[in-house]
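Read through the structure below, which is laid out as structure tokens, and then see the notes.
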Amino acid sequence: MRSVFANFLPRLSPPKALAASAVFASLLVGHPSPATAMGLTVQPSPQSCSASEPVAAPLQPLPAQATQRIPESQAVAGQKDVAWVWLASPTMRYPHRALGSPVHAGSVQALVRSRSGQWVLVERTLPLNRVYEDRVPRIVDLDRDGSEEIVLIEADLLKGAALVVLGIEHGARGPVLSERARGPFVGSSFRWLNPVGVADFDQDGQLDLASVVTPHIGGVLQLLHVRPGNLVPFASVMDVSNHRMGALEQDLAVIVHMTGKRPTIIVPDMSRRALHALRWDAPGQWTELSDVHPLPGLVERLTPLPDGACATLADGSMLRVTLSP
């Protein structure tokens, strides 16, 4: 059903596609509860709607080795025991162009703190059948133990993409990057996924990961528990996309935290001409917090705001997206 719907929507005119998308989404989320407590509003906005958050000073200067990172990728700074992370060892052994280029990373490098307090450069190199099909490492203390983890998209030549969590292990020879947890592979070559972010979606006191699986061909929003060795899916819903095929931009969904409410994910539908506002509620169901909200154009980026997001459309115009009680 997923692939049939993905192939069907582009043949419709935009208004009919939006209507079909809304109907299909209501079926897939399992008859979500009505949006009685919260709502989603979208209004035209000046360029200033994309408020920038204060950036903390880096723990250490960016190492010279980071200048050799793969093209069009970012070096990302941490705030605890990971000073910097970047993707290295460019290779074309997995020529998938989800991010616009067949060049991907064969390794990840990081500047991390040793037990003695020294900053040490470490590297984790993948086998020849795998690459990091990513451009922006994500640094987060997933288990809240004071040591940061690194979340990356890893791709296998036969199995496609999976989420992987790396952490710092301290041995006799110093710190190394080791695998802490791994999610399921998408299942076949040239099938990709794109992370959304991290939050305690089911309110069990532990952080979870959110990701969109196959955002180009029938996107599925998936929530995953972080367990020792594994990322375990526990919720999913279809008709979402947080990436345009071939684009470098990977930020096309936001997580909104509001006092007294579970985290809400604002994410485009598969047409990228409408927005979902989705929350995972007890006793285990998705709540669509408003009707699927149509947009006047294709959304290219969602920037987080305290109560929603700033949406940048393909024509350069901006919309303020507000999630309100």
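Taken in order, the sequence shown gives residues 4 to 328; the numbers are from the working numbering. For glycine and all other residues, C-beta sits at the position ideal for the given N, C-alpha and C.
Cβ of Cys313 within 8 angstroms of any heavy atom in the ligand HEM?
The ligand HEM is absent from the structure shown, which contains no ligand whatsoever.
Leu196 beta carbon less than 9 angstroms from that of Ile142:
Between Ile142 and Leu196, the C-beta gap is not smaller than 9 angstroms, which leaves the two residues out of contact.
Beta strand (DSSP E) segment containing Phe193, residue limits
First-last for Phe193: undefined, no H or E at that position.
On the criterion of 16 or more Cβ atoms from any shown chain inside 10 Å, does Ser181 qualify as buried, or is it exposed?
With a 10 Å radius around the Cβ and a threshold of 16 neighbouring Cβ atoms, Ser181 comes out exposed.
Cβ-Cβ distance between Val167 and Gly190 below 9 angstroms:
No, they are not a contact pair.
Just to confirm, is the Cβ distance from Leu305 to Ala314 under 9 angstroms?
Yes, the pair counts as a contact, with Cβ atoms nearer than the cut-off.
In three-state DSSP terms, what is Gln50?
In the structure shown, Gln50 falls within a helical segment according to DSSP collapsed to helix, strand and coil.
From this set, Val295, Ile269, Arg275, which residue's C-alpha is nearest Met248's C-alpha?
Nearest neighbour of Met248 by Cα position, chosen from Val295, Ile269, Arg275, turns out to be Arg275.
Report the CB separation of Gln71 from Ala91 in whole angstroms; it is logged as a contact under 8 angstroms.
Taking a contact as a CB-CB distance under 8 angstroms, the pair Gln71 and Ala91 counts as one, their CB atoms being some 6 angstroms apart.
Mind the definition here: the segment 129-149 touches the segment 276-287 only if three or more C-beta pairs lie below 8 angstroms; say whether that holds.
No contact exists between the segment 129-149 and the segment 276-287.
Going by C-alpha to C-alpha distance, which of Val257, Leu114, Pro93, Arg118 sits closest to Val106?
For Val106, the closest C-alpha among the options Val257, Leu114, Pro93, Arg118 is that of Pro93.
Under 9 angstroms, do Ala238 and Gly174 count as touching if we go by C-beta distance?
No. Outside cutoff.
If we ignore side chains and look at the alpha-carbon of each, how far apart do Pro64 and Ser293 end up?
If you take the alpha carbons of Pro64 and Ser293, they lie about 45 angstroms apart.
Classify Thr39 as helix, strand or coil using the three-state DSSP reduction.
Its pLDDT being 36, under 50, Thr39 is placed unreliably by the model, and nothing is read from it.
Quick check on the DSSP output: the beta strand (DSSP E) that includes Phe237 runs from which residue to which?
Per DSSP, Phe237 belongs to the beta strand (DSSP E) from 232-241.
Less than 9 angstroms between the C-beta atoms of Leu224 and Asp211, yes or no?
For the 9 angstroms CB-CB criterion, Leu224 and Asp211 do not form a contact.
Boundaries (first-last residue) of the beta strand (DSSP E) holding Val143:
It spans 141-143 - the beta strand (DSSP E) in which Val143 sits, taken as one unbroken run.
On the criterion of 16 or more Cβ atoms from any shown chain inside 10 Å, does Arg183 qualify as buried, or is it exposed?
That one is buried.
Straight-line Cα distance separating Pro271 from Ala256:
About 7 angstroms.
Between Asp148, Gly120, Ser320, Pro74, which lies nearest to Phe298 when the distance is taken from Cα to Cα?
With the sequence shown as reference, residue 298 is identified as Leu, and Phe is not the correct amino acid for it. Nearest of Asp148, Gly120, Ser320, Pro74 to Leu298, Cα basis: Ser320.
Nearest-angstrom Cβ-Cβ length linking Gln350 and Gln68, presumed shorter than 8 angstroms:
Past the boundaries of the shown model lies residue 350; the chain is included only from 4 to 328, so the question cannot be answered.
Just to confirm the assignment: which complete beta strand (DSSP E) runs, minimum length 3, are found wholly within the segment 116-178?
With a minimum length of 3 residues, the continuous beta strand (DSSP E) runs that stay inside the segment 116-178 are 122-128, 133-135, 141-143, 152-159, 163-174.
Which residues in the same chain have their Cβ closer than 8 angstroms to the Cβ of Val79, if we skip the five residues on either side of it in sequence?
Only residues of its own chain outside the window of five on either side were considered, and among them Trp87, Val88, Trp89, Val139, Pro140, Arg141, Ile142 have a CB closer than 8 angstroms to the CB of Val79, listed in chain order.
Span separating the alpha-carbon of Val215 from that of Asn245
Taking the straight line joining both Cα atoms gives about 7 angstroms.
May I ask which residues mark the beginning and end of the beta strand (DSSP E) holding Pro218?
Here Pro218 belongs to no beta strand (DSSP E), and DSSP marks it neither H nor E.
Taking the beta strand (DSSP E) that Arg304 falls in, what are its first and last residues?
Looking at the DSSP string, the run of the beta strand (DSSP E) that includes Arg304 is 302-308.
What does a CB cutoff of less than 8 angstroms around Gly103 pick up in its chain, not counting 5 residues either side in sequence?
Once the five neighbours on either side are set aside, the close Cβ partners of Gly103 are Glu75, Gly249, Ala250, Leu251.
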